[in-house]
Amino acid sequence: MSGLVTLGEAMAVLTSPIVGPLRHAPNLTLGVAGAEATVAIGVARLGGQATWIGRVGDDEFGRLIRMTLAGQQLPAEHVLTDEHAPTALMVKERRTGTRTRVSYYRTGSAGSRLRPADVDETAVRRAGALHLTGITPALSESARDAAFAAAETARAAGVTISLDLNYRRALWTPDEATAALHPLASAATVVFATEDEARLLVDGSDPAQLAHALAALGPREVVIKLGGDGAVALTDGEIVTVPPRPTTVVDPVGAGDSFAAAYLAARLRGDPVRQQLDDAAAAGALTVAVRGDWEGLPDRSELAAGASDVTR
18 MSGLVTLGEA MAVLTSPIVG PLRHAPNLTL GVAGAEATVA IGVARLGGQA TWIGRVGDDE
78 FGRLIRMTLA GQQLPAEHVL TDEHAPTALM VKERRTGTRT RVSYYRTGSA GSRLRPADVD
138 ETAVRRAGAL HLTGITPALS ESARDAAFAA AETARAAGVT ISLDLNYRRA LWTPDEATAA
198 LHPLASAATV VFATEDEARL LVDGSDPAQL AHALAALGPR EVVIKLGGDG AVALTDGEIV
258 TVPPRPTTVV DPVGAGDSFA AAYLAARLRG DPVRQQLDDA AAAGALTVAV RGDWEGLPDR
318 SELAAGASDV TR
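Under our numbering, the first residue of the sequence shown is numbered 18, with each subsequent residue one higher.
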């Protein structure tokens, strides 16, 4: 099985352990976050090969990210150290029992200084899939150029391109996102989006219409993620409904990346579409039941175990 290559920004994350305003938190927990890194870790946990390309600062946060990725069996040679910029920071607070609020401190960060020369073209050409998100092009002009360069290399080599629109309103405006993501979606083989994200590029009154409209741009597979209501996928011209998996939501951040990771891991194995979608739904449900962006990502044995409350 050929592996997955992805690129973007990984961040240190500080999380409040209590429900309520961050200012009242007696302490914060330190971890690692980042959509593309989460997908890479998810593919690796499910038995695939995965490579994450990005920059971190020459600081303790950067060293934490390096250590974390190495511990998840990701190769170290594409984790670049930028001595002139800090590692980005994300802060998460549980404002209420059901609402999580995220703040970013990533302007001028090492990750935002990603550039086309950082992308290993040989690794991209040899990949089974290149995974991009709408976050990386939003970070800076050089990061946007890196994402487009990687996509062009993959397309020329006939490599599958996966794109998760992953719109972050804190990073750019809807108009800016539409201008950058439209050509990436047109070049992609697989597109993941929420309903709101899909409407940045196309019109549609329901998930099936949105999936067909996105597919008309070029991708062969489109998955509209519906959160607690499951997902709707368009593959080979057929609409497939993905029912939600019962779960207890502890931390919703990372669910979409876990979904994409499991879908892509199964796709790289050559599993049928229904298996890809079943794995994706199960992975998302397992991930949101655990605190942290990637800590709850399952391995293959956990997916196979199903929803049993007790294993012996």
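Every residue gets a Cβ at the ideal spot worked out from N, C-alpha and C, and that includes glycine.
Checklist entry - Are the Cβ atoms of I82 and V22 separated by less than 9 Å? => result At a Cβ-Cβ threshold of 9 Å, I82 and V22 do not count as neighbours.
Item to check | Cα-Cα separation, V239 to S222 | outcome: Going by C-alpha positions, V239 is about 16 Å away from S222.
Item to check | For Y122, three-class secondary structure by DSSP | outcome: Residue state, collapsed to three classes: strand.
Checklist entry - If you follow the alpha helix (DSSP H) that R308 is part of, which residue opens it and which one closes it? => result From DSSP, R308 is part of no alpha helix (DSSP H); its letter is neither H nor E.
Checklist entry - Rounded C-beta distance between A302 and G65? I'm assuming under 8 Å. => result Not quite, the Cβ-Cβ distance comes to about 20 Å (not below 8 Å), so this is no contact.
Item to check | Selection from R130, G88, S33, R143 that minimises the alpha carbon distance to S337 | outcome: Within the shown structure, residues of the chain are numbered from 18 to 329, placing residue 337 beyond reach of any answer.
Checklist entry - If you pair each beta-carbon of the stretch 36-49 with each one of the stretch 259-272, do three or more pairs fall below 8 Å? => result The stretch 259-272 and the stretch 36-49 do not touch, with fewer than three beta-carbon pairs separated by less than 8 Å.
Checklist entry - Is it true that the CB of S129 sits closer than 9 Å to the CB of S159? => result Cβ atoms of S159 and S129: closer than 9 Å.
Checklist entry - To which residues does DSSP link L47 through a beta bridge? => result Looking at the DSSP assignment, L47 forms a beta bridge with L31.
Checklist entry - When the Cα atoms are used, what is the spatial distance from R329 to E169? => result Confidence at R329 is low in this model, with a pLDDT of 39, below 50, so the placement of that residue is unreliable and no value is reported for it.
Next on the checklist: Once DSSP output is grouped into helix, strand and coil, what is the label at G254?
Outcome noted: In this structure, G254 counts as coil in the three-state DSSP scheme.
Checklist entry - Where V257 and G20 are concerned, what is the direct C-alpha to C-alpha distance, given to the nearest angstrom? => result C-alpha separation (whole angstroms): 26 Å.
Checklist entry - So, F165 versus P200, is the Cβ gap smaller than 9 Å? => result It is a contact, given that the beta carbons lie within the stated cut-off.
Checklist entry - Relative to the alpha-carbon of L320, which residue among T113, V60, G235, E26 has its alpha-carbon at the smallest distance? => result Closest in C-alpha terms to L320, from the list T113, V60, G235, E26, comes V60.
Item to check | Closest residue to G74 among A297, T104, A50, L63 (Cα-Cα distance) | outcome: Relative to the Cα of G74, the nearest Cα in the group A297, T104, A50, L63 belongs to T104.
Next on the checklist: What does the alpha-carbon distance come out to for the pair A27 and T177?
Outcome noted: Roughly 23 Å between the two C-alpha positions.
Checklist entry - What are the residues that DSSP puts in a beta bridge with E193? => result In DSSP, E193 forms no bridge with anything.
Next on the checklist: From the DSSP secondary-structure annotation, give me the bridge partner or partners of H148.
Outcome noted: In the DSSP assignment, the residues bridged to H148 are T23, S179.
Next on the checklist: Need the endpoints of the alpha helix (DSSP H) that T170 sits in, please.
Outcome noted: 158-174 is the extent of the alpha helix (DSSP H) around T170.
Checklist entry - Which runs of the alpha helix (DSSP H) fall wholly inside the stretch 197-259 and span at least 4 residues, in chain order? => result Listed in chain order, the complete alpha helix (DSSP H) runs (minimum 4 residues) inside the stretch 197-259 are 212-215, 224-232.
Checklist entry - Sorted by chain position, which residues of the same chain lie with C-beta nearer than 6 Å to D274's C-beta, five sequence neighbours on each side aside? => result In its chain, beyond the 5 residues on either side, A52, T55, V56 have a beta carbon closer than 6 Å to the beta carbon of D274.
Next on the checklist: Along the chain, where does the alpha helix (DSSP H) containing G59 start, and where does it finish?
Outcome noted: Element bounds for G59: 52-62.
Checklist entry - Residues in its own chain within less than 7 Å of D137 by CB, not counting five upstream and five downstream? => result Around D137: I70, H95.
Item to check | Beta-carbon proximity check, T211 vs S179, cutoff 9 Å | outcome: It is not a contact, given that the beta carbons lie outside the stated cut-off.
Item to check | Secondary structure, alpha helix (DSSP H): runs of 4+ residues fully inside the stretch 258-288 | outcome: The stretch 258-288 contains, as complete alpha helix (DSSP H) runs of 4+ residues, the segments 272-286 (chain order).
Checklist entry - With DSSP run on the structure shown, which of helix, strand or coil describes T85? => result Reduced to three states, the DSSP call for T85 is helix.
Checklist entry - So L231 and A250 are in contact, right, with Cβ under 8 Å, and what is the actual spacing, rounded? => result Not confirmed; about 11 Å, so no contact.
Checklist entry - Beta carbon of D310, beta carbon of A50: below 9 Å? => result Annotated as proximal: D310 and A50, with beta-carbon spacing under 9 Å.
Checklist entry - Under the rule that 16 or more other beta-carbon atoms within 10 Å means buried, what is I35, buried or exposed? => result Around the C-beta of I35, fewer than 16 other C-beta atoms lie within 10 Å, and the residue is accordingly described as exposed.
Item to check | 6 Å Cβ shell around P154 - same chain, five flanking residues per side excluded | outcome: R161, A164, A197.
Item to check | Limits of the unbroken beta strand (DSSP E) element including R111 | outcome: 106-111 is the extent of the beta strand (DSSP E) around R111.
Item to check | V270 versus V305 - alpha carbon distance | outcome: Cα to Cα, the separation comes out at about 7 Å.
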